[in-house]
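Q: Here the sequence shown stands for residues 1 to 201, numbered as in UniProt numbering. Provided herewith is a single structure, encoded as structure tokens, for subsequent inquiry.
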Amino acid sequence: MLVKVEQIKDAGLKLEEPINLELLGETLGGGAASGEDTGFRATAPSTLKASLRKLSGGVLLEGRFTVDVTSPCKRCLTDVATKVPVEFTLNLVPESLARGDDFKDDDEKAMEKKERSQGESGGSFEMDDADQEVFDGKSINLDPIVREQLLLALPMNAVCREDCKGLCSQCGANRNEVACACDTRPVDPRLAPLKNIKLSN
């Protein structure tokens, strides 16, 4: 998904772009080119709804999409279906401006910040509210942005239900489905070695 800056007119640009399963799979760890496996699997493609506006020499990107995923329950390992909503706002800054900032003193940066908040931000949006990313100034590749924002939005853990009993630590049975006869009471670690002693008659 590539957007050229010249496509963004004064009124802005609105997009609805499909996000295919291949991209989602690679992001979550299900593809050959993927990195670390997140434990989540996408079950359907998604659609990115985005708006882009030129602001202060850069581009303000606002986007949202929802991804249907499955992952093992952290307690009983049963597959759990989850919807992951993703929303983000990014201030995309051209490399030339980003490099120029390195040579500006604090007064110049403060003046530019004041001009942005009074002028192009329209009074309803502070540029400081957006995360900043650098791009080449000519085109914006949305694929890496989608990948990054999806990874940031993933829940830490998924459970099939709040009262999930998990797996038996001794026999491995799913305690939501089977009431096993194992003694799961905690053992005093000081007495644990005594369990291995066999008494002879």
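C-beta: ideal position from N, C-alpha, C; glycine also.
Residue range of the alpha helix (DSSP H) that I145 falls in?
A: Element bounds for I145: L142 to A153.
Q: Considering only heavy atoms of the ligand MG, does any lie closer than 6 Å to the CB of N91?
A: The ligand MG is not part of the structure shown, which contains no ligands of any sort.
Q: Under 8 Å by Cβ, that's how I've got V59 and Q149 pegged, so tell me the actual separation to the nearest angstrom.
A: 16 Å between Cβ atoms; not a contact.
Q: So, with DSSP's three-state summary, where would you put T27?
A: T27 falls in the helix class under three-state DSSP.
Q: Could you give the distance in angstroms between the alpha-carbon of T38 and the alpha-carbon of I197?
A: Cα-Cα distance, rounded: 43 Å.
Q: Can you list, in chain order, the residues of its chain with a C-beta nearer than 6 Å to that of F135? Leave out the 5 residues immediately preceding and following it.
A: Contacts found: L92.
Q: Using the C-alpha atoms, what's the distance from L97 back to N20?
A: About 33 Å.
Q: Give the secondary structure of A98 by DSSP, where H, G and I count as helix, E and B as strand, and everything else as coil.
A: Residue state, collapsed to three classes: helix.
Q: Who are the near neighbours of A73 in its chain, counting only those whose CB is closer than 7 Å to its CB and skipping five residues on each side?
A: This sequence places Cys at residue 73; Ala is not what is there. Correct list, in chain order: V80, A158, V159, C160 and C164.
Q: Can you list, in chain order, the residues of its chain whose CB lies under 6 Å from that of A50, leaving out five sequence neighbours each side?
A: Here the set comprises L15 and G63.
Q: I'd like the span of the beta strand (DSSP E) that includes A50, first residue to last.
A: Where A50 is concerned, the enclosing beta strand (DSSP E) stretches over S46 to L55.
Q: What are the start and end residues of the beta strand (DSSP E) that includes E133?
A: Note, E133: beta strand (DSSP E), D131 to F135.
Q: From V67 to L52, what does the alpha carbon distance come to, in whole angstroms?
A: Each residue's Cα considered, the two are about 22 Å apart.
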